[in-house]
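Novice: Quick one: structure below, then a few questions.
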Amino acid sequence: MQRATRPVERCTKPRPQLPGGDRMLADVLSGLRARPRSLPSRYFYDDRGSRLFQWISRLPDYYLTRVEREILERSGDAMVAPFGDGPCTVVDLGAGDGHKTHRLLRRLLGRPAGVTYAPVDLAQAALDEATARVGGELPGVSLRPVRAAYGRALRQLASQPGLGPKLVLFLGSSIGNLEHAAARALLRELRIAMRPGDHLLVGFDMVKPLPLLRRAYDDPQGVTRAFNFNLLVRLNRELGATFDLEAYRHVATWDPVRPAMESWLECTSAQSVRVGRSTIALEMGERIRTEISCKYRDQQITGFAADAGFTEVGRFADPAGWFVDALWRAPG
Ligand code: AVI
Numbered sequence: 033m034q035r036a037t038r039p040v041e042r043c044t045k046p047r048p049q050l051p052g053g054d055r056m057l058a059d060v061l062s063g064l065r066a067r068p069r070s071l072p073s074r075y076f077y078d079d080r081g082s083r084l085f086q087w088i089s090r091l092p093d094y095y096l097t098r099v100e101r102e103i104l105e106r107s108g109d110a111m112v113a114p115f116g117d118g119p120c121t122v123v124d125l126g127a128g129d130g131h132k133t134h135r136l137l138r139r140l141l142g143r144p145a146g147v148t149y150a151p152v153d154l155a156q157a158a159l160d161e162a163t164a165r166v167g168g169e170l171p172g173v174s175l176r177p178v179r180a181a182y183g184r185a186l187r188q189l190a191s192q193p194g195l196g197p198k199l200v201l202f203l204g205s206s207i208g209n210l211e212h213a214a215a216r217a218l219l220r221e222l223r224i225a226m227r228p229g230d231h232l233l234v235g236f237d238m239v240k241p242l243p244l245l246r247r248a249y250d251d252p253q254g255v256t257r258a259f260n261f262n263l264l265v266r267l268n269r270e271l272g273a274t275f276d277l278e279a280y281r282h283v284a285t286w287d288p289v290r291p292a293m294e295s296w297l298e299c300t301s302a303q304s305v306r307v308g309r310s311t312i313a314l315e316m317g318e319r320i321r322t323e324i325s326c327k328y329r330d331q332q333i334t335g336f337a338a339d340a341g342f343t344e345v346g347r348f349a350d351p352a353g354w355f356v357d358a359l360w361r362a363p364g
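Here the numbering used here is used: the first residue of the sequence shown is 33, the next is one more, and so on.
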């Protein structure tokens, strides 16, 4: 992996919390005991899961990444237009896709006052990768990785002098992996942590014909299936769970109410799974939900902005209207 070529200022110190394994065990057991049964999708992203997601994002059927990149390429100038000639900072929630961030950062380069890139993630490996990538490709950018939850990271950055107004990126429809109430709570927390004049750019995947959605979440190459199964592999390895990988199949369904695509692992035979000291009995045909990927309509986007107290500045979409990047300002 490439390393950053200059010193990187870190502002990190995760809050003490339950040891990782205990927290994971508690989350997994409460999900498996709930109805419908579920597993938290945040545990997808171990090293292999992150690599599988990168692979998904290059699949022709997984249009989200490709279409959002095209939007950023086409509308990047308008997205960075609110930032004058002074210093500014691009905050990347989730230390996301380098190709996307690159498209915005390079438009801010060459400004006399400079630009800072602040990737935010809980995983040190993701931060190292993001800073190495940007440090290697855009040597004019200052680097300030933050290892913390999103709201906390923004509060930390707000108290640091010299960073200028911020463009906070929450791309890739990551918001879609949250239930609406959780998404609203997060957006409110972000708005409160942002300063007047800071902007948030949020990616929303829009409702579209079902066959397109089905192929995106159940691709013929089986990469999404492998991504879903990797969750069980991780739980077997890290919690000593006894999921028999042969006894499940990947299922992607459409919920028209949220609306959302949902990913499941369905038992193909009755199972008795040990997780920690507990045993979970699953019947043949029973499903465990592993992810929701909400899809949006224009009015929902308006509602999210208003609910969180942002002022809408612009909406950037591809010609087919499959994906929207919404630009919102934190008001004074
Ligand atoms: C990261 N997130 C926005 C992806 C999505 O589309 O919900 C994760 C994913 N799950 C299956 N494929 C991709």
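Yeah, the Cβ is synthetic: ideal placement off N, Cα and C, and Gly gets one too.
1. Any heavy atom of the ligand AVI closer than 8 angstroms to the CB of Phe85?
2. Consider the Cβ of Ala213: report whether some Cβ of chain D lies at a distance smaller than 9 angstroms.
3. By the three-class DSSP mapping on this structure, what secondary structure does Asp109 have?
4. Can you tell me which of the three DSSP states Trp354 falls into?
5. Let me know if Pro288 comes out buried or exposed under the rule of 16 or more other beta-carbons within 10 Å of its beta-carbon.
6. Note down the Cα distance separating Leu242 from Gly208, rounded to an integer number of angstroms.
7. Give the secondary structure of Lys327 by DSSP, where H, G and I count as helix, E and B as strand, and everything else as coil.
8. Could you give the residue range of the alpha helix (DSSP H) that holds Phe115?
9. Report the rounded CA-to-CA distance for Val152 versus Arg90, giving the unit in angstroms.
10. Label Leu201 either buried or exposed according to how many other C-beta atoms from any shown protein chain fall within 10 Å of its C-beta, with 16 as the threshold for buried.
11. Run through DSSP, which three-state label would Leu201 get?
12. Measure the Cβ-Cβ separation of Tyr77 and Leu267 and say whether it is below 9 angstroms.
13. Keeping to the same chain, check which residues put their C-beta closer than 6 angstroms to that of Gly235; ignore five residues upstream and five downstream.
14. Considering only residues of the stretch 138-219, which uninterrupted beta strand (DSSP E) runs meet the minimum length of 3 residues and lie entirely inside it, listed in chain order?
15. Just verifying my parser: in three-state terms, what is the DSSP assignment at Arg223?
16. Just to confirm my understanding: we take Pro363, look at its own chain, exclude 5 residues before and 5 after, and list those with CB closer than 8 angstroms. What are they?
17. Taking the CB atoms as reference points, tell me whether Leu219 and Leu232 lie closer together than 9 angstroms.
18. My output table needs one value for Arg306: the three-state DSSP class, helix, strand or coil.
Specialist: According to the structure shown:
1. Against the sequence shown, residue 85 aligns to sequence position 53. Yes, the ligand AVI has a heavy atom inside 8 angstroms of this Cβ.
2. Annotation note: the requested chain D is absent from the structure, which comprises a single protein chain.
3. Reading the sequence shown from its first residue, position 77 is the one you call residue 109. Three-state DSSP puts Asp109 in a helix.
4. Residue mapping note: residue 354 aligns to position 322 of the sequence shown, counting from 1. The answer is coil: DSSP assigns Trp354 none of H, G, I, E or B.
5. As a working note, residue 288 is residue 256 in the sequence shown. Flag for Pro288 reads exposed.
6. In the sequence shown, counting from the first residue as 1, residue 242 sits at position 210. In the sequence shown, counting from the first residue as 1, residue 208 sits at position 176. In this structure, the straight-line span from the alpha carbon of Leu242 to that of Gly208 is close to 17 angstroms.
7. Counting from one through the sequence shown, the residue named residue 327 turns up at place 295. Lys327 sits in coil when the DSSP states are folded into three classes, being neither helix nor strand.
8. For the purposes of this step, residue 115 is taken as residue 83 along the sequence shown, with counting starting at 1. Counting along the chain, Phe115 falls outside any alpha helix (DSSP H), and DSSP gives it neither H nor E.
9. Stepping through the sequence shown from its first residue, residue 152 is reached at position 120. Stepping through the sequence shown from its first residue, residue 90 is reached at position 58. Each residue's Cα considered, the two are about 23 angstroms apart.
10. Here the question's residue 201 lines up with position 169 in the sequence shown. With 16 or more neighbouring CB atoms inside 10 Å of its own CB, Leu201 falls in the buried class.
11. To locate residue 201, count along the sequence shown from 1; it is residue 169. Here Leu201 sits in strand by DSSP.
12. Start at 1 with the first residue of the sequence shown, and residue 77 comes out as number 45. Start at 1 with the first residue of the sequence shown, and residue 267 comes out as number 235. No, they are not a contact pair.
13. Sequence index remark: in the sequence shown, residue 235 carries index 203 (1-based). Taken in chain order, the residues that qualify are Glu100, Leu203, Gly204, Ser205, Asp357.
14. If only complete runs of 3 or more residues are kept, the stretch 138-219 shows the beta strand (DSSP E) at 147-153, 198-202, in order along the chain.
15. By 1-based counting over the sequence shown, the position of residue 223 is 191. Helix at Arg223.
16. Locating residue 363 in the sequence shown gives position 331, counting from the first residue. The beta carbon of Pro363 is closer than 8 angstroms to those of Pro228, Gly341, Phe342, Thr343 in its chain, skipping five residues each way along the sequence.
17. Translated into the one-based positions of the sequence shown, residue 219 becomes position 187. Translated into the one-based positions of the sequence shown, residue 232 becomes position 200. Between Leu219 and Leu232, the C-beta spacing is below 9 angstroms.
18. By one-based count along the sequence shown, residue 306 stands at place 274. The answer is strand: DSSP assigns Arg306 an E or B state.
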